[in-house]
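Student:
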Amino acid sequence: MQNHMRLEFLSKSQNEAFARVVVASFASQLDPTIEELADVKTAVSEAVTNAIIHGYEDMIGTVIIECTIQDNEIEIIVIDHGKGIENVEEARQPLYTSKPELERSGMGFTVMETFMDEVEVESQKGAGTKIRMVKRFESR
Amino acid sequence: MRLSFESINKNLVIKLDGELDHHTAEEIRDEIDREIDHYGAKNIIFDLSGMNFMDSSGIGVVIGRYKKVSKLGGEVAVVNINHRIERIFKMSGLFNIVKRFDNKKQAIDSL
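Sequence order for the protein chains is A and B. Here the first sequence stands for residues 121 to 260, numbered as in the working numbering. Here the second sequence stands for residues 26 to 136, numbered as in the working numbering.
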């Protein structure tokens, strides 16, 4: 099976729930287990939250999600055109946060890496961030 | 996300119903802190029986409340945690600072 969708929304925190539900709904055509679907929801929530609070900070911008289904896997790409991450390797470290004052735990990337099969981060300072994640559904 | 509070002795039971993400974390943080002050609670017990989603934003909420009550010698416990949320707790080492009980009664008897 091959399928594709693209979703675009404002970087408002209300849209975090919206985004993860839409992606989970799209992924459900692969007939995942409840557990696998929850993994996807959680990872999308982390990526979108990063775009909103770190990419755009106090500004409102556009977050784009592109999903592609190929055979038994889904590729999810979350894009922002915000300020970018200066040091991606450092940002991916467990417990690293640039915003401890906001009670951020620094576990966002760790959660994505735990729940997804692949996570890649591309970022350019001043241009934005692109997170590409892949989940393979083993249940089929 | 809906919150309900129940004060039992020096323990404040906080029941969280719904989904805990960055958006709802911002909404509930201050309300929880106000209720802790209002009841003069020493310990807090999070009842997660009605929580059907949590991402890493929830970790920050728990650590923040731990910092608040531990200053005055209080403790934080969770009850009725499901295995998904338990995974996120384990991943982030939260069980090093948060006690875990099967139910409210056990928590109240032990804290």
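Each residue gets a CB set at the ideal place from its N, CA and C atoms; glycine is no exception.
For ASN68(B), write down the residues that DSSP places opposite it in a beta bridge.
Tutor: Its beta-bridge partners are ASN36(B).
Student: Express the C-alpha separation of ARG54(B) and ILE205(A) in angstroms, rounding to a whole number.
Tutor: Using only the alpha carbons, I get a separation of about 27 angstroms.
Student: Assess contact between the segment 239 to 259 of chain A and the segment 199 to 214 of chain A, defined as three or more Cβ pairs (one per stretch) separated by less than 8 angstroms. Is contact present?
Tutor: Yes: at least three Cβ pairs fall under 8 angstroms.
Student: For a quick check, are the C-beta atoms of ILE110(B) and LEU73(B) less than 9 angstroms apart?
Tutor: Result yes, Cβ atoms of ILE110(B) and LEU73(B) sit closer than 9 angstroms.
Student: Which one or two residues does DSSP pair with ASN123(A) in a beta bridge?
Tutor: ILE189(A).
Student: Tell me which same chain residues have a C-beta within less than 6 angstroms of the C-beta of ASP159(A), skipping the five on either side of it?
Tutor: Around ASP159(A): PHE235.
Student: For MET232(A), name the three-state secondary structure that DSSP assigns.
Tutor: DSSP places MET232(A) in helix when its eight states are reduced to three.
Student: How long is the line joining the alpha carbons of VAL164(A) and VAL239(A), rounded to whole angstroms?
Tutor: So the alpha carbons of these two residues sit roughly 11 angstroms apart.
Student: VAL94(B) CB to nearest chain A CB: under 9 angstroms?
Tutor: Chain A contact via Cβ: absent.
Student: Just checking, does the segment 44 to 52 of chain B make contact with the segment 130 to 147 of chain A on the three C-beta pairs under 8 angstroms criterion?
Tutor: Contact between the segment 44 to 52 of chain B and the segment 130 to 147 of chain A is present, because at least three Cβ pairs lie under 8 angstroms.
Student: Could you check whether the Cβ of VAL86(B) sits closer than 9 angstroms to any Cβ belonging to chain A?
Tutor: At least one chain A Cβ lies under 9 angstroms of VAL86(B).
Student: From the beta carbon of LYS255(A), is the nearest beta carbon of chain B less than 9 angstroms away?
Tutor: For LYS255(A), the answer is no, since every Cβ of chain B falls outside 9 angstroms of its Cβ.
Student: Any beta-carbon of chain A closer than 9 angstroms to the one on MET76(B)?
Tutor: It does not: the Cβ of MET76(B) has no partner Cβ on chain A nearer than 9 angstroms.
Student: Could you check whether the Cβ of PRO152(A) sits closer than 9 angstroms to any Cβ belonging to chain B?
Tutor: So, not an interface residue.
Student: Is the beta carbon of THR230(A) within less than 8 angstroms of some heavy atom of the ligand NAP?
Tutor: Among the components of this structure there are no ligands whatsoever, and the ligand NAP is therefore not found.
Student: Assuming the contact rule is C-beta atoms closer than 8 angstroms, GLU242(A) and SER81(B) should be a hit. Round their C-beta distance to whole Å, please.
Tutor: Contact doesn't hold; Cβ gap of about 21 angstroms is too wide.
Student: Applying a beta-carbon distance threshold of less than 9 angstroms, which residues of chain B neighbour ALA158(A)?
Tutor: Within 9 angstroms Cβ-Cβ: PHE78, ARG109.
Student: Compare the C-beta of ASP46(B) against all C-beta atoms of chain A and say whether one is closer than 9 angstroms.
Tutor: Yes, its Cβ sits closer than 9 angstroms to a Cβ of chain A.
Student: Keeping to the same chain, check which residues put their C-beta closer than 6 angstroms to that of HIS124(A); ignore five residues upstream and five downstream.
Tutor: Excluding residues within five positions, the ones whose Cβ falls inside 6 angstroms are THR188.
Student: Where does GLU31(B) land, buried or exposed, given buried means 16+ other C-beta within 10 angstroms?
Tutor: Exposed: under 16 other Cβ atoms inside 10 Å.
Student: Let me see if you follow: with CB-CB separation under 9 angstroms, is GLU258(A) close to chain B or not?
Tutor: It does not: the Cβ of GLU258(A) has no partner Cβ on chain B nearer than 9 angstroms.
Student: What number of angstroms, rounded off, separates the C-alpha of LYS93(B) from the C-alpha of THR169(A)?
Tutor: In a straight line, the C-alpha of LYS93(B) is about 25 angstroms away from that of THR169(A).
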